[in-house]
Amino acid sequence: SYAFRRCTNLETISVFREINGSFGWTSSFEYCLRLKHLNIPKGSQYLYTNEVSFCMSLNSLTLPNTPIYLSGGAAQRSALRFVRISQNADISKTGPFNYTEIEEFDFSAKSTSSNKFFIECKRLKRVKNIEGCIINTNFFYGCYSLEEVKIPSEQTIMYGHGFNNCKTLRELTFPKGIVTIQGYAFYNSGIGKFDFSALEAVPTLENTNAFSGTLATSKIIVPDALYDAWKAATNWSTYADRIVKASEYNG
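In our numbering, the protein residues as written are 1 to 251.
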């Protein structure tokens, strides 16, 4: 642990051979303020908690094309903008990239159901290949620049604060398996179009605050056959004036 911690003038690290086990440990490169790029060598099995946290010049992180496990908080609060990650990476723990400068992320790695995955990644605009993952509690909390995201087909619950303060996100389309929407799910977001037209039953809305702070002009698009039941359902009735039939939506 702490091998290079607070080596504030360290800019580059080169490893020319495959290793078997760990490249560093907890907080190994924490506060290496001038470190710009880090290539984790082939054979590394872990990226530990806070290993590259507070690396305020870190622009890119490249992970090997071999199995590697990312601990929670591994790169949090760094200036990290680009991550190259393979399908062999396990990113199932809480928030390895919270509070970073990441702009785009590719979920080609193993499925994750982590909480708090991108908390306040304020530059994050889009994510790719999210199918197979679960958008859990606080997943995109404070991702002010998020422009587009696909809700995975496996998703059944829209978890609390999942899209809290996603100010730039304009629409969400929900898969037919959604059965529950938790409190504060879309709180204070900029979403103007909530498309539930694929659903076959009215989902449970646990609390009206799921839509608190969203645009007063936002529309909740529902299947024609469920229109009346949706408007009358518990908590949904609060937003009856926003609910429209899919066949009549022309936004």
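Quick reminder that beta carbons are idealized off the backbone N, C-alpha and C, glycines included.
1. The ligand PLP and Pro96: does any heavy atom of the ligand fall closer than 8 Å to the residue's C-beta?
2. With 16 other CB atoms within 10 Å as the buried threshold, where does Lys219 fall?
3. Rounded to whole angstroms, what's the CA-CA distance from Ala210 to Thr62? Just pull it up for me.
4. Spatial neighbours of Lys176 within its chain, please: CB distance less than 7 Å, with the 5 preceding and 5 following residues excluded, ordered by chain position.
5. Does the distance from the CB of Phe81 to the CB of Arg123 come in under 9 Å?
6. Can you tell me whether Ser28 is buried or exposed? The criterion is at least 16 other CB atoms within 10 Å of its CB, across all chains shown.
7. To which residues does DSSP link Leu205 through a beta bridge?
8. Going by beta carbon distance, what residues of the same chain come within less than 8 Å of Ile293, once the five residues before and after it are set aside?
9. Ignore the nearest five residues each way along the sequence and tell me which others in Glu30's own chain have a CB closer than 6 Å to its CB.
10. For the beta strand (DSSP E) holding Asp106, just list the boundary residues, first then last.
11. On the DSSP letters alone, give me the boundaries of the beta strand (DSSP E) that Lys245 sits inside.
12. Can you pull the DSSP bridge partners for His37?
13. Using only the alpha-carbon positions, how far apart do Thr214 and Glu120 sit?
14. Quick check on DSSP: helix, strand or coil for Glu171?
15. With distances taken between CB atoms, is the gap from Ala79 to Asn59 smaller than 9 Å?
16. So what's Tyr187 in DSSP terms, helix, strand or just coil?
17. Would you mind sorting Gly190 into buried or exposed? The rule is 16 or more other CB atoms within 10 Å of its CB.
18. Assuming Glu147 and Lys125 form a contact by the criterion Cβ under 8 Å, report the distance between their Cβ atoms to the nearest whole angstrom.
19. Specify the secondary structure class of Phe101 as computed by DSSP and reduced to three states.
20. Look at Phe107 and Asn138 and say whether their C-beta atoms are less than 9 Å apart.
21. In this structure, how does DSSP classify Glu148 when only helix, strand and coil are distinguished?
22. How should Thr8 be labelled, buried or exposed, when 16 other C-beta atoms within 10 angstroms of its C-beta is the threshold for buried?
Concretely, from the data shown:
1. Questions concerning the ligand PLP fall outside what the structure shown contains, since it holds no ligand whatsoever.
2. buried
3. 37 Å
4. Ala198, Leu199 and Glu200
5. In the sequence as displayed, the identity of residue 81 is Arg instead of Phe. Yes.
6. buried
7. Residue pairing of Leu205 in beta bridges, as defined by DSSP: Ile181.
8. Because the chain is modelled from 1 through 251, residue 293 falls outside the range shown and cannot be assessed.
9. Arg5, Asn50, Ser53 and Phe54
10. Glu104 to Asp106
11. Ile243 to Lys245
12. Ser60
13. 18 Å
14. strand
15. A contact, by the Cβ cut-off of 9 Å.
16. coil
17. buried
18. 5 Å
19. Note that residue 101 is Glu in the sequence shown here, rather than Phe. Correct three-state label for Glu101: coil.
20. no
21. strand
22. exposed
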